[in-house]
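Participant:
Numbering (the working numbering), first residue to last: 1 to 483.
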């Protein structure tokens with residue numbers, strides 16, 4: 001009988017905090033820039049330079065911890081994690097081991113079998129290391145310390161996940177929470193959210209955990225899914241062959257869809273942690289925590305529930321609208337200006353997301369005035385412009401943020417509702433397309449659409465389509481009666 005295996009997965013997720021300056025110095029945290037231009041003696045580990053804790057880092061960490069239902073340690077302490085690597089200028093990293101800022105929380109996710117809580121073991125603050133740039137042309141490695149000292153929180157889960165789908169659901173939920181808090185943009189492609197996957201397998205029905213490996217270099221949800229499935233199969237194959245799984249850190253190559261061993265997996269003792277002598281304990285007052293609790297934002301789940309109750313939107317619509325805080329904010333402000341939430345939702349989900357997808361834009365890169373979209377929606381509802389032209393106007397709003405009413409007047413896009421003008425245009429089209437008229441009389445309904453299109457073209461797209469259809473049908477049916 002073939003053995004069945006269960007996959008056990010826990011995650012270590014690093015999130016870069018969106019502070020303007022680094023965790024222990026005043027250098028900029030802005031992404032990019034020429035190498036080694038966002039640096040100073042502190043973040044490059046110069047002798048005698050002393051760290052000074054950025055209060056905003058503590059605030060962001062606390063807001064994240066409260067949103068993850070964590071307990072808060074007060075005081076919390078910073079420790080030195082000792083290791084030697086070129087991108088680590090001090091030869092140690094300032095982190096937290098013994099008293100991290102937060103512990104014992106959870107994240108609720110949706111799975112195929114219902115809701116499930118993924119427990120948070122702990123969450124701690126730490127500084128990021130620099131970045132090695134491997135130059136194949138000159139066969140050397142260069143070090144950029146711009147990233148050194150960027151503030152991070154590391155969120156360590158319990159091994160509660162069993163599938164790649166659960167892992168992705170957990171990461172998507174974490175990303176949503178951090179973005180709604182505005183403590184991080186969580187852009188995987190820029191490394192502001194990074195996940196290491198700890199994975200082991202065991203026979204179903206057994207309680208003992210198998211030997212785990214850690215998977216690094218995972219910068220997309222698709223890569224994470226492929227890495228998990230590959231590592232699970234690799235470990236099962238080893239066990240089936242009677243071989244042992246080695247506890248190690250492995251690097252995932254997404255192009256080759258293959259992982260390889262980097263080094264043996266370290267334990268805390270290997271890093272020789274000890275309390276950092278340059279940083280005092282951080283005492284967190286209850287008054288501050290209470291203030292942060294009261295000022296937490298409305299999260300995606302709460303918005304979804306409110307949108308359905310308050311605006312009567314569908315579950316599908318609210319899921320799309322709340323994918324990002326920025327998108328939800330655009331929708332809410334547009335609704336305030338036009339007073340028509342369903343129409344606002346349709347424009348956001350339809351045209352806005354379509355244009356963003358065409359340009360490959362992140363939601364946060366969408367920058368048009370909600371008032372301009374709200375004005376356009378009101379103009380459409382009054383029948384002053386038809387839908388075809390309204391989409392053209394919205395493209396201008398999306399890309400150039402133009403004022404819609406002025407643009408419509410300047411470009412002659414106001415809908416023609418003069419019955420005499422429309423009737424005259426319809427008569428001309430009927431006279432010019434006798435074959436299509438004959439086909440319509442024979443029951444070919446498609447030709448009706450053709451005749452409508454020809455009339456709209458004659459009117460340069462500015463006719464009211466419903467009026468054109470009505471007048472055309474009346475005239476065709478009247479002619480049929482007399483034939």
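We put the beta carbon where it would ideally sit given N, CA and C, even for glycine.
Return the CA-CA distance between residue 297 and residue 357, expressed in angstroms with no decimal places.
Facilitator: C-alpha separation (whole angstroms): 27 Å.
Participant: The alpha helix (DSSP H) spanning residue 347 covers which residue range?
Facilitator: Element bounds for residue 347: 341-347.
Participant: With burial defined as no fewer than 16 other Cβ atoms inside 10 Å of the residue's Cβ, what is the status of residue 129: buried or exposed?
Facilitator: Residue 129 should be labelled buried.
Participant: For residue 81, which of 449, 6 and 98 has the nearest alpha-carbon?
Facilitator: Ranking the options by Cα distance to residue 81, first place goes to 98.
Participant: Between 50, 226 and 204, which lies nearest to residue 4 when the distance is taken from Cα to Cα?
Facilitator: The candidate whose alpha carbon is nearest that of residue 4 is 204.
Participant: Using 7 Å as the threshold, is the C-beta distance between residue 30 and residue 150 below it?
Facilitator: Not a contact, by the Cβ cut-off of 7 Å.
Participant: What's the call for residue 409, buried or exposed, on a 16-neighbour Cβ count within 10 Å?
Facilitator: Exposed.
Participant: How would you label residue 411, buried or exposed, when you count the other beta carbons within 10 angstroms and need 16 or more for buried?
Facilitator: Classification for residue 411: exposed.
Participant: Nearest CA to the CA of residue 103: which residue from 165, 70 and 126?
Facilitator: If we check each option's Cα against that of residue 103, 70 comes out closest.
Participant: Do residue 264 and residue 248 have their beta-carbon atoms positioned less than 7 Å apart in this structure?
Facilitator: Closer than 7 Å, so yes.
Participant: Would you tell me roughly how many angstroms separate the C-alpha atoms of residue 346 and residue 302, rounded to the nearest one?
Facilitator: Answer to the nearest angstrom: the Cα atoms are 20 Å apart.
Participant: For the alpha helix (DSSP H) holding residue 389, just list the boundary residues, first then last.
Facilitator: Residues 387-400.
Participant: Cα-Cα, which of 233, 284 and 227 is closest to residue 201?
Facilitator: Minimum Cα distance to residue 201 is reached at 233.
Participant: Quickly, what does DSSP pair residue 258 with across the bridge? List them, please.
Facilitator: According to DSSP, which records beta bridges pairwise, residue 258 is partnered with 253.
Participant: Which residues bound the beta strand (DSSP E) around residue 11?
Facilitator: Residues 5-16.
Participant: Beta-carbon separation of residue 214 and residue 230 under 7 Å?
Facilitator: Contact: no.
Participant: Name the two residues that bound the continuous alpha helix (DSSP H) containing residue 178.
Facilitator: 164-181 is the extent of the alpha helix (DSSP H) around residue 178.
Participant: DSSP three-state call for residue 230: helix, strand or coil?
Facilitator: Here residue 230 sits in helix by DSSP.
Participant: Could you tell me which residues DSSP puts in a beta bridge with residue 152?
Facilitator: Paired residue(s): 16 and 126.
Participant: Compare the beta carbon distance of residue 393 and residue 404 with 7 Å and say whether it is the shorter of the two.
Facilitator: For residue 393 and residue 404, yes; Cβs fall inside 7 Å.
Participant: Can you give the Cα-Cα distance for residue 465 and residue 437, rounded to whole angstroms?
Facilitator: One C-alpha to the other measures close to 19 Å.
Participant: Identify which residue in 168, 236, 208 and 271 has its Cα closest to the Cα of residue 222.
Facilitator: Checking every option, the nearest Cα to that of residue 222 belongs to 168.
Participant: Please classify residue 171 as buried or exposed, where buried requires at least 16 other C-beta atoms within 10 Å of its C-beta.
Facilitator: Label assigned to residue 171: buried.
Participant: Beta strand (DSSP E) containing residue 109: first to last residue?
Facilitator: Looking at the DSSP string, the run of the beta strand (DSSP E) that includes residue 109 is 102-111.
Participant: Below 7 Å CB to CB, which residues in the same chain sit around residue 146 once its five sequence neighbours on both sides are set aside?
Facilitator: Counting only Cβ-Cβ distances below 7 Å, and skipping sequence neighbours, we find 33, 35, 36, 37, 38 and 39.
Participant: Compute the Euclidean distance between the alpha carbons of residue 344 and residue 338, then round it to the nearest angstrom.
Facilitator: C-alpha separation (whole angstroms): 8 Å.
Participant: In terms of residue numbering, what span does the beta strand (DSSP E) encompassing residue 92 cover?
Facilitator: Start and end: 92-95.
Participant: Round the Cβ separation of residue 391 and residue 407 to the nearest angstrom and send it over; I've been treating them as touching at under 8 Å.
Facilitator: Not confirmed; about 13 Å, so no contact.
Participant: Within 10 angstroms of its Cβ, does residue 141 collect 16 or more other Cβ (buried), or is it exposed?
Facilitator: Looking at its Cβ environment, which holds fewer than 16 other Cβ atoms inside 10 Å, residue 141 is exposed.
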